[in-house]
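Numbering (this note's numbering), first residue to last: 128 to 1405.
A virtual CB, placed ideally from N, CA and C, is assigned to each residue, including glycine.
These notes concern the structure reproduced below.
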Amino acid sequence: MQSQLGEERSNSKLLEPSPLGLALCRTDGTFLDVNPAFANIIGRTVVETLNLNYWEIVQTQCTARDKYLEIPTKNRCAGTCAAAYKHKNNHLVPVRVSERAIETDGEWAIWLSAEQVVNWEPENSELLESAPPHCNCHLEKLLENQNTELAKTHELLQEKIAELELAKSQLQLQNQILEQIREAVICTDAGGSITSWNKQAQRLYGYENSEVIGQNIALLYLQEQRELLSILVAQQLEETGESDLEITMQRKSGENFYSHLSLSLLKDVRGEIIGSVGCIRDISDRKKIEQELAQRQALFDSFLQEAPAGFCIFDSQLRYVQINQFLAEINSLSPAEHIGKTLREILPEIAPMVEPLYEQILRTKQPLINMEMSAENPRNPGIMRHMTASYFPLLDKDGEAIGMGALVIDISDRKQAEAALQKSEQLYRTMASNIPNSAVMLFDREMRFTLVEGTELAGVGLSKELMEGKTIWEVFQPDFCAAVEPNYLAALAGETVVTEFTYGDRIYLAYTLPVRNERQEITGGLLMTQNITARQLAEEALRESEEKYRCIVETADEGIWMIDAEGKTTFVNQKMADMLGCTAEDAIGQSLFAFMDAEGIAIAQANLNRRSQGIREQHDFKFLRRDGSELWAMLSTNPLPDKEGRYIGALAMVADITDRKQTEAALQQSEAKFRLLYESTSLAVLMLDENGIRNVNNATIELFGATSQGQFVGKNPGEFSPPFQPNGRDSLSMANEMMAIAFECGNHRFDWVHQRLDGTNFPAEVVLTVIEVGNESVIQAVVQDLTDRFLAEETLVRSEQALRQQAQREQLLNQIANQIRISLDLDTILATAVQEIHNLMQPDWCIFTWYRPNSNPPVWNIVCEAKNVALPSFLGTYVVEDTSSAGVEQILRREILQVDDVSTFDNVELRQAFQAIEVNSVLSLPIHTASGDIGAITCYQALYVRHWSDSEVELMQAVIAQIAIAIDHAKLYTQTRTTARLAQAQTQQLEQTLHQLQRTQTQLIQSEKMSSLGQLVAGVAHEINNPVNFIYGNLSYVSEYTQNLLKMLQFYQREYPEPSAAILNARESLEIDYIFEDLPKIVTSMKVGADRIRDIVLSLRTFSRLDEAEMKQVDIHEGIESTLMILQNRLKNKADRPQINIIKEYGNLPLVECYPGQLNQVFMNLLSNAIDALEMETNKPECKEGKDLAIRIRTEVTDNNCVMMRIADTGPGMSENVKRRLFDPFFTTKPIGKGTGLGLAISHSIVVEKHGGELTCNSVLGEGSEFAIEIPLRQKRN
């Protein structure tokens, strides 16, 4: 209602020019709208009138308010009456009033029209005052003329109201339509002022309605274009009634945007212009795309004309539609000369060859890409051009070919460059591959290898195939790439880098330098690597040799002898001097010939001549020692040149081989003996080398059935063997392998199968021994025939197997008997018996079954089983459907059931039963115990048919007898144990009850002691705290007063620098200067002492929570610190031991929910025990002096939401026996009178039972102990 009345009010502004007073009000008199004429009647403004009530203005009413409201709706019609309005100046104004009731949304309002009565006679006042509530007919007669005019006015008003209601409905419809339009819509009046717009327009421009309604539409134009656009729009509207423009407009934010503005004039029914409506669409995106397309088109056109490639377009008739300058020049014509002409007209020589190809592309609509062509231009004969051409069809929207595009690239220069590059690359590769110990690599700007060559690549597992075309990151490991990448980047930046790097076990010198093109642009880089491993090793060896030379020379096992060009000794090491039997000083300066006989001098002179010629030699030589004895030596001699290469002497490495010479002489003597033994032995002996058999003795010829040595010489020993050895390996290759092992190890022994010349095989044992014959190593092979031994061993094995089988059976019986003695548990006995039978006899199943005839119904109960892994289990209970069946009868008659082959078993019932479970062989033996129990042990064989031997049946019978005895013993033992268990349980319960009572009593006593201690500590802390607070509170004043007095004294000293003699004497006697220095220190010491006392009191108060029974969240570190403060006196250094250090490693702990007093008791006990342990350690005579005495306290939060506190000491530790009894009540290791043995027991109870945690100890004897307390952060609630 409110909104609709508001619309009525807004629309009534059209009646403002009316000479009649018009007003709209509610039935309660509240004005909704008035025009100026109505307000003028009562001498007020429109605003003042709107703030009044209509029923207060009317003095003589046509219709009283209350009665008006009582009139039925149908009587609330329009009517005219005389009335008086109260003027602003308090006099009455006579009026003629016309009223009309209107209803909107169920609420009534009154339209009023009033006209002031001009010819007012005083005598008419009585008539006016006495007018009835309804229409006054007498007054109407007096005012008939005015009423007639008023009626006309009312009719006009009714028409206006109808027009307004129609306009209102049209406006509502218009607004709904505008809001549904997706584009921005703006309505203006005839003057161009905005009367309304939709939400899309509001969002587009960003203005609020109040900011634009009533404003000219030019507000939305760019400021510099407003005048011009207004004129242009006006002209278009005047000429065509419409205006359609694409212009730049502006949002409230100042942002410009492209828009499409479409304006149309609005006319009323009379054809008069009443305004315009405009539709605005944001085309910024389209404009942006159009600009980009234009730029791209310009770029494309420029590219098309300037590109170093030919482009052209043909129509479907193969006529040129477009061609660029490049391709036109190739054809030696201008682009204009091509347009409209066919290929045949432009190039008649090649048209017959390419036209079918073009027609095929148009027909198949398939492109042809990168077709290479080489030909002479007919217009420029003699010039060969190489080109690549790509042709592609141009299709319309229906997919039909309407033309063809062509891209032609002149690759003549590239072909020439490729030929030159290929030649250059081949030359480059040839050069790179011939540089020894090097590799050369070219890479581009992406660090991708383009050419790789070199002899060094294969040595590190690389190749050009592996590297070319790949980046360094694709070839090498990341850490290596990260190390060398800066060198590559430096080369690409124009720098030359020389570095050394290691790759694998090799060291390389790398040169990385840029590669430039003809325009001096860096196109890549060149990497040249040189393997300098040998040089580096040599340099390193040289450095080491310079340091170690003297040590090596002096400690060498060989003699070192240096001579000059005349043969005189210039240096010998101690080893060489010892060989010659003289000192090094005696040998210096002596001629080389002084240590030789006449024969040796002649040989040496020739050798020296060769040294002077630069010849190196190694040979044996005989010297004479000082005592005349012979010294045989092996010389390795080298000439020594100077820098110019002239001979200046020689160096010899001398090894004493006197013993070897003597050995060789003895060897020659023994060789003759060996030959005699070789020929006379009965064993086959062969002499072998790498080329085969060299010699054999007579025993070999006889063993292999040969007639002469010629049948052996030069052949491989594997040839005298079958093709394969028993292990399946080839005899020839295996023989070579055995010989190689002998050469490597010196000897080798193995078994072998040989083959005689008649084809028979025989086993043998072969012993290969490497011996020296002359200057070469050969193998002596001794072959022993093992045929007789193998036969004896086979007989022995069979006998051993029989004995082993018997022993196994006896072992099985013994194991079962031992099991009966070890364990009288029935299940254990049965399981052991079944498993041992399975292990020995290896059936597929071995089971033990109880037959329970007294159960309802009777059942077979398989209780034990031993089987192969892949087979199903038979364990379980099975109902006996027929107690008279063959299986039941057999077990009741105590008969053995032995079935070797189920398929041939004559008992049909049992055969079918066994076949149902898929077994082939059965062996079952019944058991009848003294107590009346019936069972059976059964073995099944499923995978094959098994013939049970008599020994196996006898074994089973023996086992059955043992099991029957064991079952009876087990039952008797079970009954006995049941009785004993009951008695033991009662005794144990009584012991636990007594132990718990004793423990509880002790803990109560201890808790009472700790409670009393807590009260005492709290009282002491309270009594100490009062005087301490007094002292601490006055210390600040004492300090302040002292400073003031000292300042005052200093002030007196400055003001009176020359005091009297009495003052000087008093100053000296009272030691004022010392007091100046010492008094502040005394005050500071007093404050430190007071702080110490306060800390002690705070610790006492914290520790005094021992008797608190309430669980609360506390700071664990605070409890530890208070306990340490109380124990501070015990931690200090004493006469008999040093100070005990406290090492704190506190973690970041939250508040922990616990019993703080009880937890402090645990800390006190553990820390006191740690101090006791450290004091005990220092009292030991064997304790090391100066040993560090320390207690380490660590706290942390664990992963399972618990807090862990560890207290460790460096004391003597504990033995395993002590650790086992650590938490037992009354157990203590302290002397009598120093411990009750209850501390750790109570601590364990507090942590485990009170807090649901754990208290553990880790101790190593001689190293110390660590106690770990772990409790939850939050306690569980019961």
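- Contact check between the segment 1022 to 1036 and the segment 976 to 988: fewer than three CB pairs, one atom from each, fall below 8 Å, which does not count as touching.
- In this structure, P999 keeps its C-beta atom at 8 Å or more from the C-beta atom of Y1067.
- Taking the Cα of Q487 as reference, the smallest distance to any Cα among V339, D523, E456, A528 is reached at A528.
- DSSP, read as helix, strand or coil, puts N988 in strand.
- The C-beta distance from S386 to G405 rounds to 10 Å, too long to fall under 8 Å, and the pair is not in contact.
- The beta carbons of S763 and A777 sit about 11 Å from each other, so the pair does not count as a contact at 8 Å.
- Comparing C-alpha distances from C1329 to each of I1064, H881, A704, E1397 shows the shortest one belongs to E1397.
- Contact annotation: G156 and W182 have beta-carbon atoms nearer than 8 Å.
- By DSSP's assignment, V900 forms a beta bridge with E903.
- Here F851 is exposed: its Cβ has fewer than 16 other Cβ atoms, across all protein chains shown, within 10 Å.
- Beta-carbon to beta-carbon, Y635 and E627 are separated by about 7 Å, close enough to satisfy the 8 Å threshold.
- Per DSSP, T1305 is one residue of the alpha helix (DSSP H) stretching across 1283 to 1306.
- Where Y332 is concerned, the enclosing alpha helix (DSSP H) starts and stops at 326 to 332.
- Within the same chain, Cβ atoms closer than 8 Å to the Cβ of N874 are found at V894, L895, T896, V897, the five residues on either side in sequence being excluded.
- No Cβ-Cβ contact shorter than 8 Å links I964 with I974.
- Here S1048 carries a strand assignment [DSSP, helix/strand/coil].
- Annotation: the segment 752 to 792 contains the following complete segments of the beta strand (DSSP E) (minimum length 3 residues), in chain order: 757 to 768, 774 to 783.
- Only residues of its own chain outside the window of five on either side were considered, and among them V587 have a CB closer than 6 Å to the CB of G631, listed in chain order.
- According to the DSSP assignment, V1330 belongs to no alpha helix (DSSP H) but to the beta strand (DSSP E) extending over 1329 to 1336.
- I440 is a Cβ neighbour of G530, given a cutoff of 8 Å.
- When beta bridges are read from the DSSP output, A236 appears opposite R153, I229.
- Non-local C-beta neighbours of I715 in its own chain, meaning closer than 8 Å and more than five positions away in sequence, comprise T696, T697, F698, V699, ordered along the chain.
- DSSP places Y1183 in the coil class of the three-state scheme, outside both helix and strand.
- Excluding its 5 nearest sequence neighbours in each direction, R575 has C-beta neighbours in its own chain below 8 Å: G596, K597, T598, listed in chain order.
- In the structure shown, the three-state DSSP call for D606 is helix.
- In terms of Cα proximity to T515, the closest of A692, D1060, M500 is M500.
- Setting aside the 5 residues that flank it on each side, V1324 is surrounded in the same chain by G1274, L1276, V1330, each with a C-beta closer than 7 Å to its C-beta; the list follows chain order.
- One alpha carbon belongs to F1041, the other to F889, and they sit about 49 Å apart.
- If the five residues before and after E583 are omitted, its C-beta is found closer than 7 Å to the C-beta atoms of N564, S565, A566, T656, N658, all from its own chain and listed in chain order.
- For Q1402, there is no enclosing alpha helix (DSSP H), as DSSP gives it neither H nor E.
- Distance from L859 to G845 at the Cβ level is roughly 4 Å; contact confirmed, criterion being Cβ atoms closer than 8 Å.
- Using a 10 angstroms sphere on the CB of F165, the tally of other CB atoms reaches 16 or more, which defines it as buried.
- Here Y518 is bridged, per DSSP, to L495, A533.
- One alpha carbon belongs to T1250, the other to N1192, and they sit about 54 Å apart.
- For W977, the three-state secondary structure derived from DSSP is strand.
- Counting the other CB atoms within 10 Å of its CB gives E580 a total of 16 or more, which places it among the buried residues.
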